[in-house]
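There are 2 protein chains.
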Amino acid sequence: MDRRVPARNPGAVTRRTLLGAVAVAPAAAIAAPAIAAQPCVPRGTGAMGVVVERASGALLVVDQIGRSAVARVTGLGDLSHASVVFSPDERFAYVFGRDGGLSKVDIVEARIAARVVQAGNAIGGAISDDGRLVAVSNYEPGGVRVFDADTLDPVADIPTGSKTIGLVDAPGRRFVFTLWDAGETWIADFAVGAPAITRVGGIGRNPYDALITGDGRRYIAGLFGEDGLTALDLWQDPPQPRRILAGYGRGEDPLPVYKMPHLEGWALAGDRFVLPAVGRHEVLWVDARTLQEAGRTQTHGQPVFAVARPDGRQVWVNFAHPLNDTVQVIDTPSGEVVHTLTPGPAVLHMEFTPRGHEVWISVRDAGRIDIHDARSFEKRAEIAAESPSGIFFTARAHRTGL
Amino acid sequence: MDRRVPARNPGAVTRRTLLGAVAVAPAAAIAAPAIAAQPCVPRGTGAMGVVVERASGALLVVDQIGRSAVARVTGLGDLSHASVVFSPDERFAYVFGRDGGLSKVDIVEARIAARVVQAGNAIGGAISDDGRLVAVSNYEPGGVRVFDADTLDPVADIPTGSKTIGLVDAPGRRFVFTLWDAGETWIADFAVGAPAITRVGGIGRNPYDALITGDGRRYIAGLFGEDGLTALDLWQDPPQPRRILAGYGRGEDPLPVYKMPHLEGWALAGDRFVLPAVGRHEVLWVDARTLQEAGRTQTHGQPVFAVARPDGRQVWVNFAHPLNDTVQVIDTPSGEVVHTLTPGPAVLHMEFTPRGHEVWISVRDAGRIDIHDARSFEKRAEIAAESPSGIFFTARAHRTGL
Chain F
1 MDRRVPARNP GAVTRRTLLG AVAVAPAAAI AAPAIAAQPC VPRGTGAMGV VVERASGALL
61 VVDQIGRSAV ARVTGLGDLS HASVVFSPDE RFAYVFGRDG GLSKVDIVEA RIAARVVQAG
121 NAIGGAISDD GRLVAVSNYE PGGVRVFDAD TLDPVADIPT GSKTIGLVDA PGRRFVFTLW
181 DAGETWIADF AVGAPAITRV GGIGRNPYDA LITGDGRRYI AGLFGEDGLT ALDLWQDPPQ
241 PRRILAGYGR GEDPLPVYKM PHLEGWALAG DRFVLPAVGR HEVLWVDART LQEAGRTQTH
301 GQPVFAVARP DGRQVWVNFA HPLNDTVQVI DTPSGEVVHT LTPGPAVLHM EFTPRGHEVW
361 ISVRDAGRID IHDARSFEKR AEIAAESPSG IFFTARAHRT GL
Chain X
1 MDRRVPARNP GAVTRRTLLG AVAVAPAAAI AAPAIAAQPC VPRGTGAMGV VVERASGALL
61 VVDQIGRSAV ARVTGLGDLS HASVVFSPDE RFAYVFGRDG GLSKVDIVEA RIAARVVQAG
121 NAIGGAISDD GRLVAVSNYE PGGVRVFDAD TLDPVADIPT GSKTIGLVDA PGRRFVFTLW
181 DAGETWIADF AVGAPAITRV GGIGRNPYDA LITGDGRRYI AGLFGEDGLT ALDLWQDPPQ
241 PRRILAGYGR GEDPLPVYKM PHLEGWALAG DRFVLPAVGR HEVLWVDART LQEAGRTQTH
301 GQPVFAVARP DGRQVWVNFA HPLNDTVQVI DTPSGEVVHT LTPGPAVLHM EFTPRGHEVW
361 ISVRDAGRID IHDARSFEKR AEIAAESPSG IFFTARAHRT GL
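Just so you know, the sequences run in chain order F and X. Residue numbers for the first sequence follow UniProt numbering, so the first one is 1 and each next one is one higher. Residue numbers for the second sequence follow UniProt numbering, so the first one is 1 and each next one is one higher.
Rendered as structure tokens:
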């Protein structure tokens, strides 16, 4: 690592981690005052990132250019299904834990800047386009809570009377989310003061997840209670729900909900979206303009994530247990699998460098992150990590819906 | 500003600027050794940027969150038509001057990290997708020169026997550029060692500028010697030139070349590109998939830049002299002008924050940068600058062709 953080935090219980960084216990970190300027090596943060170490409740702070880990921050609670968003300056990672914990991690100083436990059971969050508001979607209690991105002080509480899923940011200081029980999508507009809520009904039975397209225009919800998905065009006012891909879903052969794919896995490749089929060994191609199916590609297993290389020319796919030691690479124009890798046991996530020259792969049960050249497929480096799952690079700060 | 850079640079001639930053004279900066760690305030660089101060050969370093200037770096030579690209870590700005100067500016320490004068007359540059190579396109002598992004040491010299224009980066450690005299586009592939050059003929008579689409797939050259443009699909191997928009160009009423619009002005808005018409008071809409014309919008003057808000929902347009005190905002779905601003004399450039909540506008002859809310159009702040022209935010580091 290129720097160490001196233990300057008076009230904090600290300990050195494997990487020599200082981990600050949450309680102490919350009490700690903002720290003053201290010796450090000037650096840019555009090529940094974090890896979720689920088993140990830690974040590994990484550097894409050095292909290395630079620090570890512990004390983040239950990080199963954890997700991360970044502040616009790419300094702070907001970590959404399954236990309702919301942690603000300073990746430059490798410390917890703030942390609150805001609910009993949460499922993901988002940051507003101006970087001022962080929102969290909750199961228990249902609804969405919104916090000041600087202080994590509460700003707004939006009860929904339902488990709330598919929370995303939308352009114009808006958040969009969906109610599992009521089959409604709500748009909360924070453009001026208290949020103006637009409720859109008729989304369908038991929406379980949703995504927003990279331009922030289309919001698409997956349905657990019926086949197909529901699309909203956020350029409409109010948006009218439209059913798409009627054959997409649990089909005749219902699957347990934990096998439903994460819709964040949708990726734009050329003129098409590519998405994991539900319970089938294939990915679907969907025309990005009409949202009609445009073909399928047979794959090694049930796809979990289908991630397009940033130029859209290829799509990398990982798979569900027990076939989760493998990654396949699909050529976008032909829809053919052109390469297969077997990184090792439990490939959980893949993240491309922002312009797509390399891809990082978390291989949980091997305790490794593998870094491959995205064109030659050669392995460039590997990094030791404790049961790594999600990989999040700071470039996400500049994109909608990530 | 939030920090000052101590004058630690032994051999350097330094002076304080208006903003209290230290400017390092180029010669001294080149001689200066890499500096050691020094006191600084930890910060992220994802919301920083630079503004070209053309008249004084300086860069103003700015902070989007503070809506402020934080430092000024002088000694950059002739910055007329200067352009800027950023290192992947968003710490270094590579400045391409018209006088052939290539400067590497450290925006964290507000100093020139390296500078070379690599040709007599240059026109723009690019950085490879892995951030390791910086390429410059030259008029005198013609051709492209490629430098190590860390040291600015020469890596490759690609003579073309022609004025060389339209240099862009393409995915896969490639650069693409076009020959004014020969009507050829060359693709230089640096994937392994010495560049492999692919020459594509039949581009047309006197290509004067070119662009690459955001996904790095389509390279489009404008022609000075005839109407229309030529498009290459870089997913083809080898790419076949295709004429598009036959009516687009100087038409029956030839215009001097200095009025030809910069094709970098092309922007993707929804399913269409919007581009400035040549010599007419209108913008053209082009279907992004077919590259066929899809409509026109009448504007206040001859458009110079038509810049889509990052969500594509609106397009902001500035105009050529003498109507260059005005900015118009066009609604994408309807193609109608929905708002007109008159920031002041010589509006030269507009840059959106990465997720589009605000837009920065350089008003050269007022010595001002205006910052507007991108939805309410209200002015949020203004920053004094010396004859500001181009505005470049660090988020460009993560995008192709910028």
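C-beta atoms are modelled at their ideal positions from N, C-alpha and C, and glycine is treated no differently. From a predicted model like this one, the values you see are computed outputs, not experimental measurements.
Exercise. What does Trp235 of chain X reach in chain F if we use C-beta pairs closer than 7 Å?
Worked result: For the purposes of this step, residue 235 of chain X is taken as the residue at position 235 of the second sequence. Ordered by position in chain F, the residues that pass the 7 Å Cβ test against Trp235 of chain X are Arg313, Pro333.
Problem set entry | residue 403 of chain X versus Asp129 of chain X - alpha carbon distance | With chain X represented from 1 up to 402, any question about residue 403 of chain X goes unanswered, as that position is not in the structure.
Exercise. Can we say the region 383 to 399 of chain X touches the region 343 to 358 of chain X, given the rule of at least three CB pairs closer than 8 Å?
Worked result: yes
Exercise. Anyone know if the C-beta pair for Ala374 of chain X and Val315 of chain X falls short of 8 Å?
Worked result: The residue given as residue 374 of chain X occupies position 374 in the second sequence. The residue given as residue 315 of chain X occupies position 315 in the second sequence. With respect to the 8 Å criterion, Ala374 of chain X and Val315 of chain X are not classified as neighbours on the basis of their beta carbons.
For this session: Starting from the N-terminal side, write out each stretch of the beta strand (DSSP E) that is 3 residues or longer and does not extend beyond the region 132 to 162 of chain X.
Result: 133 to 140, 143 to 148, 154 to 158
For this session: For chain F, find out if any of its Cβ atoms is closer than 8 Å to the Cβ of Thr326 of chain X; answer yes or no.
Result: On the second sequence, residue 326 of chain X is found 326 positions in, with the first residue counted as 1. Taking a beta-carbon distance threshold of 8 Å, Thr326 of chain X does not count as an interface residue toward chain F.
For this session: Starting from the Cα of Tyr208 of chain X, find the closest Cα among X:Thr185, X:Pro195, X:Ala191 and give me that residue.
Result: The count along the second sequence starts at 1 and reaches residue 208 of chain X at position 208. Here the closest residue by C-alpha is X:Thr185.
For this session: Note down, in chain order, each residue of its chain lying with its Cβ closer than 7 Å to the Cβ of Asp169 of chain F, except the 5 sequence neighbours on either side.
Result: By one-based count along the first sequence, residue 169 of chain F stands at place 169. Counting only Cβ-Cβ distances below 7 Å, and skipping sequence neighbours, we find Ala126, Ile127, Ser128, Asp129, Phe175, Thr400, Gly401.
Exercise. The ligand NAD heavy atoms versus the CB of Arg296 of chain X: any closer than 7 Å?
Worked result: For the ligand NAD, the structure offers nothing, since it holds no ligand at all.
For this session: Starting from Pro388 of chain X, follow the beta strand (DSSP E) in both directions and report where the run begins and ends.
Result: Against the second sequence, residue 388 of chain X aligns to sequence position 388. Residues 388 to 393.
Problem set entry | Coil, strand or helix - Leu263 of chain X by DSSP | As a position in the second sequence, residue 263 of chain X is number 263, starting the count at 1. Leu263 of chain X falls in the helix class under three-state DSSP.
For this session: Could you name the residues of chain F that Ser87 of chain X contacts, counting a contact when the two beta carbons are closer than 9 Å?
Result: One-based indexing of the second sequence puts residue 87 of chain X at position 87. Those within 9 Å of Ser87 of chain X in chain F are Gly44, Gly46, Ala47, Ile65.
Exercise. Between Glu336 of chain F and chain X, is there a C-beta pair that is closer than 8 Å?
Worked result: The count along the first sequence starts at 1 and reaches residue 336 of chain F at position 336. Output row for Glu336 of chain F: interface = no.
Exercise. The beta strand (DSSP E) spanning Phe352 of chain X covers which residue range?
Worked result: As a first step, residue 352 of chain X must be located in the second sequence, where it is residue number 352. Phe352 of chain X -> beta strand (DSSP E) spans 347 to 352.
Exercise. In the DSSP assignment, what residue or residues form a beta bridge with Tyr219 of chain X?
Worked result: Counting from one through the second sequence, the residue named residue 219 of chain X turns up at place 219. DSSP output for Tyr219 of chain X lists X:Ile212, X:Leu232 as bridge partner(s).
Exercise. By a C-beta neighbour count over all protein chains shown, 10 Å radius and 16 as the cutoff for buried, is Asp287 of chain X buried or exposed?
Worked result: Looking up residue 287 of chain X in the second sequence gives position 287. It is exposed - the Cβ of Asp287 of chain X has fewer than 16 other Cβ atoms within 10 Å.
Exercise. Can you tell me the Cα-Cα spacing of Gly57 of chain F and Leu341 of chain F, whole angstroms?
Worked result: By one-based count along the first sequence, residue 57 of chain F stands at place 57. By one-based count along the first sequence, residue 341 of chain F stands at place 341. Straight-line Cα distance between these residues: approximately 29 Å.
Problem set entry | Neighbouring residues, chain X, relative to Glu109 of chain F (Cβ below 8 Å) | Taking the first sequence and counting its residues from 1, one reaches residue 109 of chain F at position 109. Residues of chain X passing the Cβ test: Pro42.
Problem set entry | Boundaries of the beta strand (DSSP E) in which Ala246 of chain F is found, first to last residue | Counted from its first residue, the first sequence places residue 246 of chain F at position 246. Counting along the chain, Ala246 of chain F falls outside any beta strand (DSSP E), and DSSP gives it neither H nor E.
Exercise. Residues of chain F with CB under 8 Å from Pro354 of chain X, in chain order?
Worked result: Mapped onto the second sequence, residue 354 of chain X falls at position 354. Simply Pro88, Ala397, His398, Arg399.
For this session: Determine whether the Cβ of Ala191 of chain X lies closer than 8 Å to any Cβ atom of chain F.
Result: Position 191 of the second sequence holds residue 191 of chain X. At a cut-off of 8 Å between beta-carbon atoms, Ala191 of chain X makes contact with chain F.
Problem set entry | Short-range partners of chain F found in the region 289 to 315 of chain X, where Cβ spacing is below 9 Å | Arg289, Arg309, Pro310, Asp311, Gly312, Arg313
Problem set entry | Test: Thr342 of chain F CB closer than 8 Å to a CB of chain X | What you label residue 342 of chain F is simply residue 342 of the first sequence in a count that begins at 1. Answer no: the Cβ-Cβ gap between Thr342 of chain F and chain X never drops below 8 Å.
Exercise. Mind checking whether Glu282 of chain F and Arg272 of chain F have CB atoms under 8 Å apart?
Worked result: Taking the first residue of the first sequence as 1, we reach residue 282 of chain F at position 282. Taking the first residue of the first sequence as 1, we reach residue 272 of chain F at position 272. The answer is no: Cβ separation not under 8 Å.
Problem set entry | Cβ-based burial, Ser376 of chain F [other Cβ within 10 Å; buried from 16] | Working through the first sequence from its first residue, we reach residue 376 of chain F at position 376. With fewer than 16 other Cβ atoms within 10 Å, it is exposed.
For this session: Using a cut-off of 7 Å between C-beta atoms, extract the partners of Gly125 of chain F located in chain B.
Result: Given the protein chain composition of this structure (F and X), no chain B is represented.
Problem set entry | Selection of the region 154 to 173 of chain F by Cβ proximity to chain X, strictly under 9 Å | Asp169, Ala170, Pro171, Gly172, Arg173
Exercise. Would you say His357 of chain F reaches chain X, if we count a Cβ-Cβ gap shorter than 8 Å as a contact?
Worked result: By one-based count along the first sequence, residue 357 of chain F stands at place 357. Yes, contact with chain X.
For this session: Taking Asp233 of chain F as the reference, give the member of X:Asp311, X:Val62, X:Ala194, X:Gln302 with the closest Cα.
Result: Locating residue 233 of chain F in the first sequence gives position 233, where the first residue counts as 1. Nearest of X:Asp311, X:Val62, X:Ala194, X:Gln302 to Asp233 of chain F, Cα basis: X:Asp311.
Exercise. Three-state secondary structure (DSSP) at His339 of chain X?
Worked result: Taking the first residue of the second sequence as position 1, residue 339 of chain X is located at position 339. In the structure shown, His339 of chain X sits in a strand (DSSP, three-state: E or B).
Problem set entry | Supposed contact pair Glu386 of chain F and Ala82 of chain F - C-beta distance, whole angstroms, cut 8 Å | By 1-based counting over the first sequence, the position of residue 82 of chain F is 82. By 1-based counting over the first sequence, the position of residue 386 of chain F is 386. That belief does not hold up - the Cβ atoms of Ala82 of chain F and Glu386 of chain F are roughly 14 Å apart, past 8 Å.
For this session: Answer yes or no: does any C-beta atom of chain F fall closer than 8 Å to that of Asp150 of chain X?
Result: Reading the second sequence from its first residue, position 150 is the one you call residue 150 of chain X. No, because no Cβ of chain F sits closer than 8 Å to the Cβ of Asp150 of chain X.
For this session: Take the Cβ of Ser137 of chain F as the centre, count every other Cβ of all protein chains shown within 10 Å, and call the residue buried at 16 or more, exposed below.
Result: The residue given as residue 137 of chain F occupies position 137 in the first sequence. Buried, by the Cβ-count rule.
For this session: List the residues that DSSP assigns as beta-bridge partners of Asp169 of chain X.
Result: The residue you call residue 169 of chain X lines up with position 169 of the second sequence. DSSP output for Asp169 of chain X lists X:Phe175 as bridge partner(s).
Exercise. Listed in chain order, which residues of the region 189 to 217 of chain F have Cβ atoms closer than 8 Å to some Cβ of chain X?
Worked result: Residues passing the 8 Å Cβ filter: Ala191, Asp215, Gly216, Arg217.
Exercise. Quick one: is Arg72 of chain X near chain F, going by C-beta distance under 8 Å?
Worked result: Along the second sequence, read from residue 1 onward, the residue named residue 72 of chain X stands at position 72. No, no contact with chain F.
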